[in-house]
Each structure stands twice: as structure tokens, then as C-alpha cells.
Amino acid sequence: MPIAINNATYTVSYWTRNANPYSIAGTVAGYPLKGSTINQWTYYEHRIAGVSSLAISGTGYIDDLRVYPVNSRMVSYTTEPLLGVTSESDITSKPTFYEFDAFGRLRVVRGFEGNIMKVLDYQYQRPVTE
Numbered sequence: 005m006p007i008a009i010n011n012a013t014y015t016v017s018y019w020t021r022n023a024n025p026y027s028i029a030g031t032v033a034g035y036p037l038k039g040s041t042i043n044q045w046t047y048y049e050h051r052i053a054g055v056s057s058l059a060i061s062g063t064g065y066i067d068d069l070r071v072y073p074v075n076s077r078m079v080s081y082t083t084e085p086l087l088g089v090t091s092e093s094d095i096t097s098k099p100t101f102y103e104f105d106a107f108g109r110l111r112v113v114r115g116f117e118g119n120i121m122k123v124l125d126y127q128y129q130r131p132v133t134e
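So the sequence shown is numbered by the working numbering: it starts at 5 and just counts up by one.
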């Protein structure tokens with residue numbers, strides 16, 4: 005499904021499990037740029053100019069698709085109802101994942117390569133009585 009844009013220059017970025025990047029009309033010379041590959045997902049970034057709508061061609065898996073003006077920054081989030089933010093992708097499209105325990109409390113924070121960055125351990129103590 006085409007996305008309407010106003011002939012400005014945009015960045016289109018995404019993660020894919022495909023061996024090759026998607027085809028996007030209006031991609032300028034030197035693009036797409038290939039980024040990191042993590043767990044079979046590869047990051048690609050296109051620069052788009054001179055088109056009034058955007059259509060992405062190809063088949064396969066795509067995740068964290070972003071379309072934004074070139075001189076801007078974007079942060080995106082995924083959420084789980086009644087729980088909260090479960091992941092955050094920073095301005096470089098690198099995700100951070102948040103895991104919760106059975107009580108809905110933050111338990112583990114993982115970096116984009118799956119490495120544990122922080123573990124929280126909740127312990128309850130009896131109140132001190134004097």
C-alpha cells in the first residue's frame with residue numbers, strides 16, 4: 005500500500021530477514037545502506053527523494069519500518085496492554101527489550117543483541133516492630 009509523501013527527502017529504515025533489501029522507488033544513489041545483522045535480522049536504510057508516494061516492493065519479513073524526514077529523529081515503542089512498554093528502538097533503530105515477571109514488574113532489560121543489561125530482583129521484608 006503506497007504511503008503519500010510530499011516530494012521531500014525521507015529516510016526509510018527497517019529490519020528484514022531477507023537476503024537482500026527491499027526495492028523502493030526514489031532511492032537515491034549510494035543507498036540502501038546495510039547495517040548490523042542480529043539473529044538473522046539485517047538493518048537497511050534508504051534515502052528517498054523526488055517521489056510523491058512511497059511503495060515498498062518485495063516479499064518476506066520486515067520489522068520496525070520507519071519513514072521520517074531526513075533531518076529528524078525517531079524513537080519507536082512496542083507496548084503490551086495492561087503491562088506497558090515491552091521494547092524501545094532508539095534513534096539508531098537499535099532496540100532495547102523489557103521483560104516482566106508474573107506480577108507485571110520489570111524484571112530484565114536486554115540490549116539489541118540480546119545481552120542482559122539489567123536484572124531487577126524484588127524482595128519483601130517484614131516490617132520492623134519495636
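For glycine and all other residues, C-beta sits at the position ideal for the given N, C-alpha and C.
Segments of 3+ residues assigned as beta strand (DSSP E) that fall wholly inside the region 7-44:
With a minimum length of 3 residues, the continuous beta strand (DSSP E) runs that stay inside the region 7-44 are 14-20, 37-42.
Less than 8 angstroms between the CB atoms is what I'm expecting for G62 and N22, so what's the real figure, rounded?
Here residue 62 is taken as the residue at index 58 of the sequence shown, counted from 1. Here residue 22 is taken as the residue at index 18 of the sequence shown, counted from 1. About 7 angstroms; that satisfies the 8 angstroms criterion.
Quick check on D125: does DSSP put it in helix, strand or coil?
By 1-based counting over the sequence shown, the position of residue 125 is 121. Secondary structure of D125 (DSSP, three-state): coil.
Smallest Cα separation from Y14: which of T96, F107, F104, V74?
Working through the sequence shown from its first residue, we reach residue 14 at position 10. The candidate whose alpha carbon is nearest that of Y14 is V74.
Pick out the complete beta strand (DSSP E) segments inside the region 67-120, 3 residues or longer, and give them in chain order.
Qualifying beta strand (DSSP E) stretches, in chain order: 80-84, 88-93, 99-104, 110-114.
Closest to S56 by C-alpha separation, out of T46, R70, I28, would be which residue?
Within the sequence shown, numbered from 1, the residue matching residue 56 stands at position 52. Scanning T46, R70, I28 for the CA closest to the CA of S56 turns up I28.
What's the call for F116, buried or exposed, on a 16-neighbour Cβ count within 10 Å?
On the sequence shown, position 112 is the one that residue 116 refers to. By the Cβ-count criterion, F116 is buried, with 16 or more other Cβ atoms from all chains shown falling within 10 Å of its own Cβ.
Own chain partners of K122 with C-beta closer than 6 angstroms, once the 5 adjacent residues on each side are dropped:
For this step, residue 122 is matched to residue 118 along the sequence shown. Within the same chain, K122 has close Cβ partners V113.
Buried or exposed by the 16-neighbour rule on C-beta atoms within 10 Å, applied to V79:
Counting from 1 along the sequence shown, the entry for residue 79 is found at position 75. For V79, the number of other beta carbons within 10 angstroms of its own is below 16, and it is reported as exposed.
Straight-line CA distance for I60 to R70?
Here the question's residue 60 lines up with position 56 in the sequence shown. Here the question's residue 70 lines up with position 66 in the sequence shown. Pairing I60 with R70, the inter-Cα distance amounts to about 12 angstroms.
What did DSSP end up calling Y48 once you bin it into helix, strand or coil?
Numbered from its first residue, the sequence shown carries residue 48 at position 44. The three-state reading of DSSP puts Y48 in strand, counting E and B together.
Within 7 angstroms, strictly: CB atoms of D94 and W19:
In the sequence shown, the residue the question calls residue 94 occupies position 90. In the sequence shown, the residue the question calls residue 19 occupies position 15. No, Cβ-Cβ distance for D94 and W19 is not below 7 angstroms.
Determine the contact status of E49 and L58, defining contact as a CB-CB distance below 7 angstroms.
Counting from 1 along the sequence shown, the entry for residue 49 is found at position 45. Counting from 1 along the sequence shown, the entry for residue 58 is found at position 54. The answer is no: Cβ separation not under 7 angstroms.
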